[in-house]
Ligand code: SF4
Ligand code: SF4
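Numbering (this note's numbering), first residue to last: 2 to 107.
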């Protein structure tokens, strides 16, 4: 399955630099992550909060080599982050749907 975070990383260069919004964590919840995460050895399903999010919605393994490479490669961008958390959750959920693999042909 294509990792939707990987799809974000190859987003067109039109994406503008954007500061990460404290208390958001939309990109740690909405997308699927196919790489193993400590505590989630099979990766993370879409729409599921990553177990490595702490109570302040910060990554508990930031800077740790066990943090998936796709997490480190994801940069905030105006198109994805928008002006509020709901925008980011909707945008990322839509991207997740659009990057689902085609169902097998019977
Ligand atoms: S969606 Fe954007 S603002 Fe929200 S946590 Fe991810 S990078 Fe930060
Ligand atoms: S490992 Fe950290 S950055 Fe990656 S999804 Fe989980 S909380 Fe977010």
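Note that the Cβ used here is the ideal one computed from N, Cα and C, for glycine as well.
Which class does residue 54 belong to by DSSP, given the choice of helix, strand or coil? Counting from one through the chain shown, the residue named residue 54 turns up at place 53. Reduced to three states, the DSSP call for residue 54 is strand.
How would the residue list near ligand 1 read, in chain order, if you kept each one whose beta-carbon is closer than 7 Å to any heavy atom? Any residue whose Cβ sits closer than 7 Å to a heavy atom of ligand 1 makes the list: 19, 21, 22, 25, 26, 27, 28, 29, 75, 77, 81, 82, 86, 89, 93.
Residues of its chain near residue 27, where Cβ-Cβ distance is below 7 Å and the 5 sequence neighbours each way are ignored: The residue labelled residue 27 in the question sits at position 26 within the chain shown. Taken in chain order, the residues that qualify are 86, 89, 90, 93.
Should residue 67 and residue 39 be called a contact, given that it needs their Cβ atoms to be closer than 8 Å? As a first step, residue 67 must be located in the chain shown, where it is residue number 66. As a first step, residue 39 must be located in the chain shown, where it is residue number 38. Closer than 8 Å, so yes.
Going by the CB atoms, is the gap between residue 48 and residue 30 shorter than 8 Å? As a working note, residue 30 is residue 29 in the chain shown. As a working note, residue 48 is residue 47 in the chain shown. The answer is yes: Cβ separation under 8 Å.
What does DSSP give as the partner residue(s) for residue 60 in the beta ladder? Taking the chain shown and counting its residues from 1, the one referred to as residue 60 is at position 59. Residue 60 is bridged by DSSP to 54.
Let me confirm a value: residue 53 is counted as buried when at least 16 other C-beta atoms fall within 10 Å, else exposed. Which label applies? Translated into positions along the chain shown, residue 53 becomes position 52. Counting other Cβ atoms within 10 Å of its Cβ, residue 53 reaches 16 or more and is therefore classed as buried.
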